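S.K.: Quick note on the working numbering: the sequence shown kicks off at 65 and runs consecutively. By construction, the Cβ of each residue, glycine as well, lies at the ideal position given by its N, Cα and C atoms. Just so we're clear, the structure is a prediction, and the values are computed from it rather than from any experiment. There's a structure below that I have some questions on.
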Amino acid sequence: MPYVTPSHPAPPPPARRPRRGGRWSRTVSTLAAAVTLATGAALVPPAAEAQAAVAPAAALERVANFGANPGALTMYVHRSAALPAGAPVVVALHGCTQSAQIYADNSGLNTFADRHGFLVVYAETTTANNANKCFNWFQPGDTRRGQGEAASIRQMVAHATTAYGTDPAKAHVTGLSAGGAMTSVMLAAYPEVFAAGAVVAGIPYGCGVDVVSAFSCMSPGADRTPAAWAQAVRDAHPGFAGPWPRVAIWHGDNDATVAPRNADELRDQWTAVHGLGQTPSRTSTLGPNNTRRSEYGPTPGQAAVEVDKVPGIGHGTPVAPGTGPEQCGATGTQHFIASICSSYWITRFFGLAGTTIPEPPVDPPTEPAACWTASNYEHVRAGRATTTGGYAYAKGSGQNLGLYNTFVTHTLKESPAGHYTIATGSCP
Numbered sequence: 065m066p067y068v069t070p071s072h073p074a075p076p077p078p079a080r081r082p083r084r085g086g087r088w089s090r091t092v093s094t095l096a097a098a099v100t101l102a103t104g105a106a107l108v109p110p111a112a113e114a115q116a117a118v119a120p121a122a123a124l125e126r127v128a129n130f131g132a133n134p135g136a137l138t139m140y141v142h143r144s145a146a147l148p149a150g151a152p153v154v155v156a157l158h159g160c161t162q163s164a165q166i167y168a169d170n171s172g173l174n175t176f177a178d179r180h181g182f183l184v185v186y187a188e189t190t191t192a193n194n195a196n197k198c199f200n201w202f203q204p205g206d207t208r209r210g211q212g213e214a215a216s217i218r219q220m221v222a223h224a225t226t227a228y229g230t231d232p233a234k235a236h237v238t239g240l241s242a243g244g245a246m247t248s249v250m251l252a253a254y255p256e257v258f259a260a261g262a263v264v265a266g267i268p269y270g271c272g273v274d275v276v277s278a279f280s281c282m283s284p285g286a287d288r289t290p291a292a293w294a295q296a297v298r299d300a301h302p303g304f305a306g307p308w309p310r311v312a313i314w315h316g317d318n319d320a321t322v323a324p325r326n327a328d329e330l331r332d333q334w335t336a337v338h339g340l341g342q343t344p345s346r347t348s349t350l351g352p353n354n355t356r357r358s359e360y361g362p363t364p365g366q367a368a369v370e371v372d373k374v375p376g377i378g379h380g381t382p383v384a385p386g387t388g389p390e391q392c393g394a395t396g397t398q399h400f401i402a403s404i405c406s407s408y409w410i411t412r413f414f415g416l417a418g419t420t421i422p423e424p425p426v427d428p429p430t431e432p433a434a435c436w437t438a439s440n441y442e443h444v445r446a447g448r449a450t451t452t453g454g455y456a457y458a459k460g461s462g463q464n465l466g467l468y469n470t471f472v473t474h475t476l477k478e479s480p481a482g483h484y485t486i487a488t489g490s491c492p
């Protein structure tokens, strides 16, 4: 197994704060210990990869006593010298084995905080919480409103308002991998707190509930209906009627750690929460690498949900080192990948970059979608699907078609070329 990835779940060691669940927690720890034994030394990152290979632009400011902190997290902030009163705040959540400082040094968020005048709050977890320094996005005691790590992050946002004068109506959250999955948690558990969020290589809310299911969520991913995903979000804060946070989803096409199918499931979850369909209202391409953007919602440039699929990259945060207006970040540590500056586009999605920058041009109309009805066996033979572990998966979307045999039949729609999805009444 390669170097441990940012979404690799690991058990809390015995020294961690008191845990909920008693016998359940011991069972989870036993299962996770088996995983640790199976992966062996791969769980320990090489020294060169465990710390940033670039000099930090500026040390983060550690904040003590920001609240009761039931999740035992650490709060850091980056604030520009001229932070205005009523500034927006962006909460940033690192991936496994990383730290707040590594995420700040490489993601590029501080560049845009200084340029546009917002505060960045970096939440950091520890090996006392999780052996691999992952946020516990799969532990119920850390993902529910008012509990554990989720409650600690909420307290950081509240403290930013009282200590730094940030605008509570302009709070946003983003994160990578395990931090991306925790971003999903925060948007679901505290929808009234966050105006928007950006999930980078993450997982839908409500997927994993223990170590075993967490691995399944990562890959091959869970295939649920939009209504089922949306219900998981609504159940996180019963009675909340909106408005719901806007959500941007970023994912590399070649991610072998958190399957790209998770981007589609996240889209299904949040479009359904917003009462939208899963057909984009607008598509465009971004940057020199032609990242594919799909927007969902009636207002151009103010989509309720957007999906940004980055071609040719694996698991990590897309960055574009340099000093140009659309460049940011560094690639001196693992899981920060030279491609496109996701922080630039996320800042724009959050509405923090002003209103003078034009939107990318809309893609030209595409040809009518082509459709095929056949067995999973024939879809694989024709190149419209692939097979892994006895199951067939639609090419492009990665949707699970069921068992790879001649008995299971689906109608697949191709749009754009090479991207297949299960047709839902939109094919002739």
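With a threshold of 16 other CB atoms inside 10 Å of the CB of Ala123, please say whether the residue is buried or exposed.
M.R.: Against the sequence shown, residue 123 aligns to sequence position 59. Exposed: under 16 other Cβ atoms inside 10 Å.
S.K.: Whether or not the segment 382-402 and the segment 334-345 are in contact is what I'm after, with contact meaning three or more pairs of Cβ atoms, one per stretch, closer than 8 angstroms; do they touch?
M.R.: The segment 334-345 vs the segment 382-402: no contact.
S.K.: 7 angstroms is my cut-off, CB to CB: does Pro352 come that close to chain B?
M.R.: Considering every chain present, this structure includes no chain B. It has just one protein chain.
S.K.: Of all the beta strand (DSSP E) runs that stay within the bounds of the segment 306-372, which reach a length of 3 or more residues?
M.R.: Segments of the beta strand (DSSP E) lying fully in the segment 306-372: 310-316, 346-350 and 355-360.
S.K.: If you reduce the DSSP assignment to three classes, tell me which class Asn133 lands in.
M.R.: By 1-based counting over the sequence shown, the position of residue 133 is 69. Coil, per DSSP.
S.K.: Closer than 8 angstroms by C-beta to Gln219: which residues in its own chain qualify, once you throw out the five before and the five after it? Chain order, please.
M.R.: Start at 1 with the first residue of the sequence shown, and residue 219 comes out as number 155. Here the set comprises Phe130, Gly131, Ala132 and Asn133.
S.K.: Grouping DSSP H, G and I as helix and E and B as strand, with all else coil, what is His443?
M.R.: As a working note, residue 443 is residue 379 in the sequence shown. In the structure shown, His443 sits in a helix (DSSP, three-state: H, G or I).
S.K.: Does the distance from the C-beta atom of Ser216 to that of Leu157 stay below 7 angstroms?
M.R.: Locating residue 216 in the sequence shown gives position 152, counting from the first residue. Locating residue 157 in the sequence shown gives position 93, counting from the first residue. Contact: no.
S.K.: Return the Cβ separation of Ile404 and Ala384 in integer angstroms, given the expectation that the two are a contact with Cβ distance under 8 angstroms.
M.R.: Working through the sequence shown from its first residue, we reach residue 404 at position 340. Working through the sequence shown from its first residue, we reach residue 384 at position 320. Contact holds; Cβ gap of about 6 angstroms.
S.K.: For Ile486, which residues in the same chain have their Cβ closer than 6 angstroms to its Cβ, ignoring the five residues on either side in sequence?
M.R.: Counted from its first residue, the sequence shown places residue 486 at position 422. So the qualifying residues of the chain are Gln463 and His474.
S.K.: Alpha carbon to alpha carbon, what distance is there between Thr190 and Ala79?
M.R.: As a working mapping, residue 79 is identified with position 15 in the sequence shown. As a working mapping, residue 190 is identified with position 126 in the sequence shown. Since pLDDT at Ala79 reaches only 39, below the 50 mark, its modelled position is unreliable, and the value read off the structure follows with that caveat. The alpha-carbon atoms of Ala79 and Thr190 are separated by roughly 12 angstroms.
S.K.: In terms of DSSP beta bridges, what is Ala187 paired with?
M.R.: Position 123 of the sequence shown holds residue 187. In DSSP, Ala187 forms a bridge with Met139 and Leu157.
S.K.: Is it true that the segment 179-197 meets the segment 161-169, where meeting means three or more beta-carbon pairs spaced less than 8 angstroms apart?
M.R.: Result yes; three or more Cβ-Cβ pairs closer than 8 angstroms.
S.K.: In three-state DSSP terms, what is Tyr254?
M.R.: Looking up residue 254 in the sequence shown gives position 190. Tyr254: coil per DSSP, three-state reduction.
S.K.: For the alpha helix (DSSP H) that contains Arg218, what are its first and last residues?
M.R.: Translated into positions along the sequence shown, residue 218 becomes position 154. Arg218 -> alpha helix (DSSP H) spans Gly212 to Tyr228.
S.K.: Using 10 angstroms around the beta-carbon of Gly376, count the other beta-carbons present and answer buried if the total reaches 16, otherwise exposed.
M.R.: As a position in the sequence shown, residue 376 is number 312, starting the count at 1. When all chains shown are included, Gly376 counts as exposed.
S.K.: Shortest alpha-carbon distance to Ser283 belongs to which of Tyr457, Asp299, Val472 and Lys477?
M.R.: Residue 283 sits at position 219 when you count from the first residue of the sequence shown. When each option's Cα is compared against that of Ser283, the closest is Tyr457.
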